Amino acid sequence: MASKKYMRQFVSGIIDNNPTFVQLLGMCPTLATSTSLENAVGMGLAATAVLAASNVVISLLRKFIPQKIRIAAYVVIIASFVTVIDLLMQAYLPELSKSLGLYIPLIVVNCIILARAEAFASKNSVLPSFVDGLSMGVGFTLALSAISIVREILGNGTLYGISLFGSGFQPAAIMIMAPGGFLTLGLIIALVQKLRQRAEGKERRKS
Amino acid sequence: MSLTEFFSLSLTAILIENFVLIKFLGICPFLGVSKKVSTAAGMGIAVTFVMAMASALTYVVNTYLLVPFDLQYMQTLAFILLIAALVQLVEMFLQKSVPALYQALGIYLPLITTNCAVLGVAILNVDNGYNFIQSVTYGAMSGVGFLLAIVIFASVRERIAFCEYPKCFDGFPIALVTAALLSMAFMGFQGLNIFG
Numbered sequence: 001m002a003s004k005k006y007m008r009q010f011v012s013g014i015i016d017n018n019p020t021f022v023q024l025l026g027m028c029p030t031l032a033t034s035t036s037l038e039n040a041v042g043m044g045l046a047a048t049a050v051l052a053a054s055n056v057v058i059s060l061l062r063k064f065i066p067q068k069i070r071i072a073a074y075v076v077i078i079a080s081f082v083t084v085i086d087l088l089m090q091a092y093l094p095e096l097s098k099s100l101g102l103y104i105p106l107i108v109v110n111c112i113i114l115a116r117a118e119a120f121a122s123k124n125s126v127l128p129s130f131v132d133g134l135s136m137g138v139g140f141t142l143a144l145s146a147i148s149i150v151r152e153i154l155g156n157g158t159l160y161g162i163s164l165f166g167s168g169f170q171p172a173a174i175m176i177m178a179p180g181g182f183l184t185l186g187l188i189i190a191l192v193q194k195l196r197q198r199a200e201g202k203e204r205r206k207s
Numbered sequence: 208m209s210l211t212e213f214f215s216l217s218l219t220a221i222l223i224e225n226f227v228l229i230k231f232l233g234i235c236p237f238l239g240v241s242k243k244v245s246t247a248a249g250m251g252i253a254v255t256f257v258m259a260m261a262s263a264l265t266y267v268v269n270t271y272l273l274v275p276f277d278l279q280y281m282q283t284l285a286f287i288l289l290i291a292a293l294v295q296l297v298e299m300f301l302q303k304s305v306p307a308l309y310q311a312l313g314i315y316l317p318l319i320t321t322n323c324a325v326l327g328v329a330i331l332n333v334d335n336g337y338n339f340i341q342s343v344t345y346g347a348m349s350g351v352g353f354l355l356a357i358v359i360f361a362s363v364r365e366r367i368a369f370c371e372y373p374k375c376f377d378g379f380p381i382a383l384v385t386a387a388l389l390s391m392a393f394m395g396f397q398g399l400n401i402f403g
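Keeping their order, the protein sequence lines are chains F and X.
By the working numbering, the letter at position 90 of the first sequence is numbered 90, and the numbering carries on one by one without gaps.
By the working numbering, the letter at position 130 of the second sequence is numbered 337, and the numbering carries on one by one without gaps.
#1: In chain F, which residues lie less than 7 Å from X:Phe376 when you measure between Cβ atoms?
#2: On the criterion of 16 or more Cβ atoms from any shown chain inside 10 Å, does F:Pro179 qualify as buried, or is it exposed?
#3: With DSSP as the reference, identify every bridge partner of F:Leu159, one or two as the case may be.
#4: Does F:Gly155 come within less than 8 Å of chain X when only Cβ atoms are used?
#5: Where does the unbroken alpha helix (DSSP H) through X:Asp277 begin, and where does it stop?
#6: For X:Val328 versus X:Thr255, is the C-beta distance shorter than 8 Å?
#7: Contact check, X:Gly239 vs X:Ala324 under 8 Å by CB: the rounded distance?
#8: Could you tell me which chain X residues have their CB closer than 7 Å to the CB of F:Lys68, listed as they occur along the chain?
#9: Cβ of X:Met391 less than 8 Å from any chain F Cβ?
#10: Helix, strand or coil for X:Gly403? Go by DSSP, reduced to three states.
#11: Hey, out of F:Leu159, F:Gln90 and F:Leu154, whose CA is closest to F:Ile174's CA?
#12: Could you tell me the alpha carbon to alpha carbon distance between X:Gly403 and X:Leu216, rounded to whole angstroms?
#13: Enumerate, from N- to C-terminal direction, the unbroken alpha helix (DSSP H) stretches of 4 or more residues contained entirely within the stretch 220-268 of chain X.
#14: Rounded to whole angstroms, what is the Cα-Cα separation between X:Leu308 and X:Met258?
#15: With burial defined as no fewer than 16 other Cβ atoms inside 10 Å of the residue's Cβ, what is the status of X:Asp334: buried or exposed?
#16: Which residue marks the beginning of the alpha helix (DSSP H) containing X:Cys370, and which one marks its end?
#17: Looking at the secondary structure, which residues open and close the alpha helix (DSSP H) in which F:Leu187 lies?
#18: Counting only Cβ pairs nearer than 8 Å, list the residues of chain X close to F:Phe120.
#19: Using beta-carbon positions only, say whether X:Ile357 and X:Phe237 come within less than 8 Å of one another.
#20: Using DSSP with H/G/I as helix, E/B as strand and the rest coil, what is F:Arg62?
#21: Compare the C-beta of X:Gly403 against all C-beta atoms of chain F and say whether one is closer than 8 Å.
#22: At 7 Å on the CB atoms, spell out the chain X contacts of F:Val82, in chain order.
#23: Is F:Met136 buried or exposed, if buried means 16 or more other CB atoms sit within 10 Å of its CB?
#24: So for X:Val305, helix, strand or coil by DSSP?
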């Protein structure tokens with residue numbers, strides 16, 4: 001019974017409430033690290049780990065943190081976990097850590113994490129908060145992957161570093177540069193909105 | 208720092224490596240508060256101010272506190288706390304002494320704490336090994352770059368409000384497509400290197 005409830009919460013975090021495509025949170029890392037699938041997955045998983053861990057700790061401390069300084073307290077908790085992840089990645093995944101560079105410490109100011117801490121973890125018990133953090137993180141990772149697949153194939157002719165089209169392919173380098181990021185994200189959100197509008201239209205006709 | 212170096216650094220920060228359009232820092236306020244030119248300008252000025260102040264303070268803390276005690280791994284934590292405190296301080300100072308400016312910027316100030324451009328500039332200053340004057344210049348000029356980008360973007364968006372486009376592009380998508388075009392324009396500055 002309980003596991004079913006968590007499963008539903010998990011799936012809704014990925015699809016109905018996807019942090020990137022539906023809630024439109026955390027745009028900076030989404031645009032900056034979606035140049036290749038490898039970077040996107042690395043960034044997504046790092047953010048997921050921070051989200052789940054900070055959600056658990058904030059939920060545990062929710063009765064002790066005074067209302068007035070709660071944001072500062074959340075930021076300290078999140079920054080501690082980001083430092084842990086940053087050091088772990090530098091030690092065990094030095095290449096990924098180098099290619100993500102500045103954007104790993106910047107997970108601290110990723111609005112998804114602070115938004116979930118404020119909107120969910122500060123009001124719910126530990127287990128649902130953990131599930132929420134995990135599902136938001138996975139939703140973020142999947143969204144990043146979707147964007148990066150488009151950008152890597154068009155901009156570099158590769159997928160996860162593997163060449164797809166042979167040497168005759170002329171990649172459109174603009175797609176892995178800044179404009180391609182804005183364009184891809186804009187078109188994907190437009191597609192999501194289109195699908196939602198169609199689904200809403202169908203529901204209205206039914207009722 | 209010579210005058211040439213000053214101009215070269217400023218040009219890099221404002222145009223060639225524009226924080227928003229090339230480096231993807233500070234996208235949230237860029238998309239969130241760019242519906243009107245006046246509010247966008249207010250946000251831009253507030254961000255510029257905080258970025259310059261944050262560059263100066265984080266430089267001091269990093270050089271005289273973190274490095275001598277071998278605490279560089281605390282960088283992220285120290286910087287974000289410093290920025291949060293700074294923003295709070297600026298807010299209280301403005302409220303008491305320049306109420307007119309506070310009225311204009313008030314609502315944007317708390318938002319700046321979670322603006323990744325501010326933390327970004329602090330970390331970049333350390334990574335690039337800038338000295339105090341270079342750090343403050345880079346911080347302030349990156350802020351000017353943000354101001355320039357957000358004001359141009361807001362004026363384009365004001366016009367787009369009167370245009371017809373597919374309904375599914377309403378809101379964010381059309382703004383992102385606009386930003387893509389603007390970013391393409393700024394990429395043209397990439398070859399600009401007149402100070403060699």
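Ideal placement from N, C-alpha and C gives every residue a C-beta, glycine not left out.
Remember, it's a predicted structure, so these values are computed and weren't measured experimentally.
A quick look at the data gives this:
#1: Ala190
#2: buried
#3: F:Ile162
#4: no
#5: No alpha helix (DSSP H) contains X:Asp277, which DSSP labels as neither H nor E.
#6: no
#7: That pair is no contact at about 13 Å.
#8: Here the premise fails: no neighbours, minimum Cβ distance about 12 Å.
#9: yes
#10: The predicted position of X:Gly403 is uncertain, since its pLDDT is 49 and thus under 50; no value can be drawn from it.
#11: F:Leu154
#12: Per-residue confidence for X:Gly403 stands at a pLDDT of 49, beneath the threshold of 50, marking its modelled position as unreliable; the derived number appears in the next sentence. Distance between the alpha carbons of X:Gly403 and X:Leu216: 11 Å.
#13: 234-239 and 244-268
#14: 17 Å
#15: exposed
#16: Where X:Cys370 is concerned, there is no enclosing alpha helix (DSSP H), given that its DSSP letter is neither H nor E.
#17: Ala178 to Lys206
#18: The premise fails here: F:Phe120 is roughly 17 Å from chain X at the closest Cβ pair, so nothing lies under 8 Å.
#19: yes
#20: coil
#21: Here X:Gly403 scores only 49 on pLDDT, less than 50, and its place in the model should not be relied on; the value that follows carries that caveat. No, no contact with chain F.
#22: Thr283
#23: buried
#24: coil
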